[in-house]
Amino acid sequence: MTDTPHDLVDFGNGQPSSSLLPLDAIRTAADHCLSRGDAALLQYGDDQGDVDFRESLARFLTHRYATPVSAAHLMISAGVSQALDLVCTRFTRPGDTIFVEEPTYFLALEVFRDHGLQVVGIPIDHDGIRLDALQDALTRHCPALLYTIPSFQNPSGTTMSAARREQLAAVSRAHDLLIVADEVYQLLDFGTAPPPPLAAYIRDARVLSLGSFSKICAPGLRLGWIQGAAPLLDHLMQSGVVHSGGGLNPFASGVVRSLLDLGLADAGLDVLLRVYAERSAVLCRALRDALPMATFVEPRGGYFVWVQLPSTISASRLLPTAVAEGVSYRAGALFSSVNGFARSLRLSFAHYDEAALVLGVQRLARAIARYSTNAE
Ligand SMILES: Cc1ncc(COP(=O)(O)O)c(C=O)c1O
0 MTDTPHDLVD FGNGQPSSSL LPLDAIRTAA DHCLSRGDAA LLQYGDDQGD VDFRESLARF
60 LTHRYATPVS AAHLMISAGV SQALDLVCTR FTRPGDTIFV EEPTYFLALE VFRDHGLQVV
120 GIPIDHDGIR LDALQDALTR HCPALLYTIP SFQNPSGTTM SAARREQLAA VSRAHDLLIV
180 ADEVYQLLDF GTAPPPPLAA YIRDARVLSL GSFSKICAPG LRLGWIQGAA PLLDHLMQSG
240 VVHSGGGLNP FASGVVRSLL DLGLADAGLD VLLRVYAERS AVLCRALRDA LPMATFVEPR
300 GGYFVWVQLP STISASRLLP TAVAEGVSYR AGALFSSVNG FARSLRLSFA HYDEAALVLG
360 VQRLARAIAR YSTNAE
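Counting along the sequence shown from 1, when you hit position 210 you're at 209 in numbering that gives the first Met the number 0, and nothing is skipped either side.
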C-alpha cells in the first residue's frame with residue numbers, strides 16, 4: 000500500500016495520491032519556461048492573464064472539450080475555489096439568494112457562506128438538475144446565480160444530459176439567470192466523454208464556466224480559468240484583488256504554458272484517466288462484494304462513488320464506528336443545504352491505490368456489521 004500516511008483509509012480525501020503528482024513534468028516545464036530568460040514571468044501580470052498562456056490553454060481546451068475555445072473568452076484564476084469567491088464578490092451582495100444543486104460540493108457551500116448568501120437547493124435526478132424544481136423555485140426566488148457541477152458531479156457522480164444542458168441554457172436566457180458551471184471534472188471521463196461543457200453556451204446564455212488544473216494536473220499549482228463572454232469577464236476584472244495583484248498567478252501560468260506546449264499536460268492527463276478508471280472499477284467491485292446491501296451508480300468519470308446505505312443506517316452516526324475500524328468517508332448531510340442525504344456517503348477513489356481501496360471497503364463492511372449489531 001502506498002500514499003497512506005496513516006493506517007486510516009480516508010475515503011473522504013479528495014486529493015490525488017502524491018505518486019500521481021507530475022513532479023518530473025513540472026520540473027521539465029519549469030526549466031523550459033525559465034530558460035526563455037524572460038523576466039516578465041516574475042512581474043505583475045495582465046488582469047485577464049498572460050495572453051500566450053491563454054492561447055496555449057485555448058488550444059488544449061479546444062482539443063479536450065472537442066468544442067472551440069477562444070483565448071479572448073478565458074480569464075486566468077487561482078483555481079475554481081478562488082474563481083467562485085471572485086464570482087460571488089462581483090455578482091452577489093450579502094443576503095442574496097443563490098441556487099445550488101442538492102446535493103452539492105460542500106466546500107462551495109462554505110464560499111457561499113463567506114459571502115452571506117442564502118442557499119436554496121434544487122434537487123437533481125440521473126440527468127442532472129431538475130428543471131421542474133428549478134422553474135418552481137424561480138416563481139418564489141430571484142437568485143443572483145445558479146451554481147452547478149454539470150459533469151461527474153461532486154458528490155453524486157451525476158452527469159447532466161445534453162438535453163438538460165440545452166434546457167438549462169434556455170432557462171438562463173428566459174430569466175436572465177447567471178449560471179456558474181463548475182466544470183472541474185469535465186475532462187475526467189473513463190472512456191465516454193460527457194456532453195460538451197456548459198462553456199459551449201457562453202455566447203448565447205449568461206454562463207461562466209470555471210475550470211482548474213487541480214484535478215487534471217496538480218492542486219498545488221493553484222491555477223485555473225474562467226470562461227465567459229467579454230461583458231461578464233470585464234465585470235470580473237473590475238475586482239480590486241485582480242487589479243492590485245496584477246492578475247492571478249502569472250508564475251504558475253508561465254510554467255503551465257510550457258507544460259501545455261510540450262505536450263506534458265496531455266500525457267499526464269492520459270495517465271490520470273487510466274489510473275482513476277482502474278481505481279473506480281476496483282472500488283465498485285469491492286463494494287459489490289463486501290456491501291451487497293449498499294446501492295450506487297458506477298461512476299463514468301470524476302473522483303467519487305455516491306453510496307446509499309439501507310434506510311436503517313445513518314452515515315453520520317456510523318462514522319465513529321468506521322473510524323474505529325480504520326476507515327473514513329464524507330457523510331451525505333455535508334453536501335446538503337437542508338441536512339438531507341442521511342443514508343448517503345461519498346467515497347473518493349482518487350487518493351489510494353487499489354489495495355488500500357479494497358482494505359477500506361472491508362473495514363467499512365466490518366463497521367456496518369458492528370453498527371447494525373449494536374443498533375439491534
Ligand atoms: C466540484 C469542485 N469544485 C472545486 C474544487 C476545488 O477546485 P480548485 O482546487 O481548483 O480550487 C473541487 C475539489 O474537490 C471540487 O470537487
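Even glycine gets a Cβ: it sits at the ideal position worked out from N, Cα and C.
To the nearest angstrom, how far is the alpha carbon of residue i from that of residue j?
i           : j           : result
residue 10  : residue 352 : 11 Å
residue 251 : residue 174 : 38 Å
residue 196 : residue 307 : 28 Å
residue 111 : residue 85  : 11 Å
residue 66  : residue 59  : 11 Å
residue 136 : residue 37  : 52 Å
residue 271 : residue 215 : 7 Å
residue 217 : residue 81  : 16 Å
residue 247 : residue 117 : 28 Å
residue 121 : residue 23  : 43 Å
residue 298 : residue 276 : 9 Å
residue 332 : residue 305 : 12 Å
residue 268 : residue 288 : 30 Å
residue 283 : residue 265 : 27 Å
residue 13  : residue 350 : 7 Å
residue 34  : residue 334 : 45 Å
residue 51  : residue 223 : 15 Å
residue 113 : residue 234 : 20 Å
residue 322 : residue 345 : 15 Å
residue 32  : residue 21  : 16 Å
residue 339 : residue 262 : 44 Å
residue 105 : residue 146 : 12 Å
residue 253 : residue 337 : 42 Å
residue 187 : residue 210 : 12 Å
residue 115 : residue 108 : 11 Å
residue 294 : residue 30  : 48 Å
residue 328 : residue 144 : 30 Å
residue 8   : residue 45  : 43 Å
residue 64  : residue 274 : 20 Å
residue 330 : residue 317 : 9 Å
residue 204 : residue 226 : 13 Å
Here's the rule: buried if 16 or more other CB atoms are within 10 angstroms of the residue's CB, otherwise exposed. What is residue i?
i           : result
residue 157 : buried
residue 213 : buried
residue 242 : exposed
residue 17  : exposed
residue 103 : buried
residue 41  : exposed
residue 374 : exposed
residue 139 : exposed
residue 6   : exposed
residue 182 : buried
residue 362 : buried
residue 190 : exposed
By alpha-carbon positions, which one of the options ends up nearest to residue i?
i           : options               : result
residue 164 : 372, 200, 140 and 190 : 200
residue 180 : 285, 127 and 246      : 127
residue 208 : 14, 79, 368 and 290   : 79
residue 370 : 284, 319, 263 and 217 : 319
residue 43  : 354, 285, 363 and 245 : 245
residue 133 : 162, 125, 167 and 104 : 167
residue 141 : 171, 293, 105 and 355 : 171
residue 364 : 87, 292, 334 and 316  : 292
residue 27  : 289, 226, 228 and 257 : 257
residue 19  : 366, 260, 348 and 131 : 348
residue 89  : 321, 316, 367 and 177 : 177
residue 219 : 206, 144 and 255      : 255
residue 278 : 162, 359 and 6        : 359
residue 70  : 204, 198, 368 and 109 : 198
Leaving out five residues on either side along the sequence, give the residues of the same chain with a beta carbon under 6 Å from the beta carbon of residue i.
i           : result
residue 193 : 150 and 158
residue 77  : 221, 247 and 248
residue 281 : 353 and 356
Of all Cβ atoms in chain C, is any one closer than 7 Å to the Cβ of residue i?
i          : result
residue 20 : Among the chains of the structure shown, chain C does not appear; only one protein chain is present.
Let me check you understand the geometry: is the CB of residue i closer than 6 Å to at least one non-hydrogen atom of ligand 3?
i          : result
residue 12 : Here the bound small molecules are ligand 1; ligand 3 is not part of this structure.
Looking only at its chain, what residues have a beta carbon closer than 8 Å to the beta carbon of residue i, apart from the 5 residues adjacent to it on each side?
i           : result
residue 184 : 148, 150, 151, 152, 153, 214, 300, 301 and 302
residue 47  : 53, 73, 74, 75, 232, 236 and 246
residue 125 : 157 and 296
residue 91  : 97, 114, 116, 143 and 144
residue 129 : 121, 122 and 123
In chain order, what residues of the same chain have a beta carbon less than 7 Å from the beta carbon of residue i, not counting five sequence neighbours either side?
i           : result
residue 440 : Any question about residue 440 goes unanswered here, given that the chain covers just 0 to 375.
residue 61  : 67 and 68
residue 230 : none
residue 155 : 102, 123 and 305
Worksheet item: Between the segment 45-58 and the segment 308-328, do three or more beta carbon pairs fall short of 8 Å?
Response: Look at the beta carbons and you see the segment 45-58 not touching the segment 308-328: under three pairs across the two are nearer than 8 Å.
- Message: Three Cβ pairs or more, each shorter than 8 Å: is that satisfied between the segment 231-241 and the segment 96-108?
- Response: No, the segment 231-241 does not touch the segment 96-108.
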